[in-house]
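Since the structure comes first, as structure tokens, the remarks are kept for the end.
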């Protein structure tokens, strides 16, 4: 791809991706899905960055369907494109999540930390908080585990309780044990 870009310098990065998506291969090879890469390329189109770095960003394991992940991914790219140190601006809750929505939020933050770590191995000059990211990764995994336990047991506790009691002798009325105790 880099060779193609050198031979056609006026072609945009999006044009290069279009070229790759239209390429035909022999039966021994296959082209991976480029939808996510194209989406990332569109997001990064206006950010000043060499082609090789842009391609690396496009292949990062970012979940671009989530608005928060998308925004932070673009922030990471802007910081890197401007040759600034990119901070790890992910804040974790102090307590484990107790419901599915809070658990989903913590899972998204875990993925953001993963993306930061992934980029820090490829661009150590701008993604400098690798040690902090590794510590946060351990903490977020603990939160996810605790949250899964909380949400799983909460769901089993939320199931409707069976009515405890028995039918009276002529089976015309179901008497609950609490009602039966009051009658005695």
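Numbering (this note's numbering), first residue to last: 38 to 221. We put the CB at the ideal spot given by N, CA and C, even for glycine.
Nearest to residue 76 (by Cα), restricted to the options 102, 116, 172: Comparing C-alpha distances from residue 76 to each of 102, 116, 172 shows the shortest one belongs to 102.
Ignoring anything shorter than 4 residues, give me the alpha helix (DSSP H) runs that lie fully in the segment 54-118, in order along the chain. Within the segment 54-118, the complete alpha helix (DSSP H) runs of at least 4 residues are 72-80, 88-95, 104-118.
Based on Cα-Cα distance, which residue from 150, 122, 92 lies nearest to residue 172? Answer by Cα proximity: 150.
Using only CA atoms, which one of 63, 84, 181 lies nearest to residue 114? The residue among 63, 84, 181 with its C-alpha nearest the C-alpha of residue 114 is 84.
Taking only three categories from DSSP, how would you classify residue 123? Reduced to three states, the DSSP call for residue 123 is coil.
Around the Cβ of residue 91, are there at least 16 other Cβ atoms within 10 angstroms (buried) or fewer (exposed)? When all chains shown are included, residue 91 counts as buried.
Residue(s) in a DSSP beta bridge with residue 186: Residue pairing by DSSP places residue 186 in no beta bridge whatsoever.
Own chain partners of residue 170 with C-beta closer than 7 Å, once the 5 adjacent residues on each side are dropped: Result list for residue 170: 125, 150, 153, 154, 157, in chain order.
Beta-carbon gap between residue 147 and residue 183 smaller than 8 Å: Contact: no.
If you draw a straight line from the C-alpha of residue 129 to the C-alpha of residue 142, how long is it? Cα to Cα, residue 129 sits roughly 9 Å from residue 142.
Report the CB separation of residue 97 from residue 106 in whole angstroms; it is logged as a contact under 8 Å. Wrong, their Cβ atoms sit about 11 Å apart, outside the cutoff.
Close beta carbons around residue 37, own chain, < 8 Å, minus the five adjacent residues each side: This structure cannot settle anything about residue 37, because the visible part of the chain is limited to 38 through 221.
Counted within 10 angstroms of its Cβ, other Cβ atoms place residue 81 as buried (16 or more) or exposed: Classified as buried, residue 81 has 16 or more neighbouring CB atoms from the shown chains inside 10 Å of its CB.
If I measure Cβ to Cβ from residue 111 and keep anything under 7 Å in the same chain, skipping five residues before and after, which residues do I get? Counting only Cβ-Cβ distances below 7 Å, and skipping sequence neighbours, we find 80.
Nearest neighbour of residue 86, chosen from 122, 123, 118 [CA to CA]: Closest by alpha carbon: 118.
Looking at residue 137 and residue 188, is the spacing between their C-beta atoms short of 8 Å? Yes, Cβ-Cβ distance for residue 188 and residue 137 is below 8 Å.
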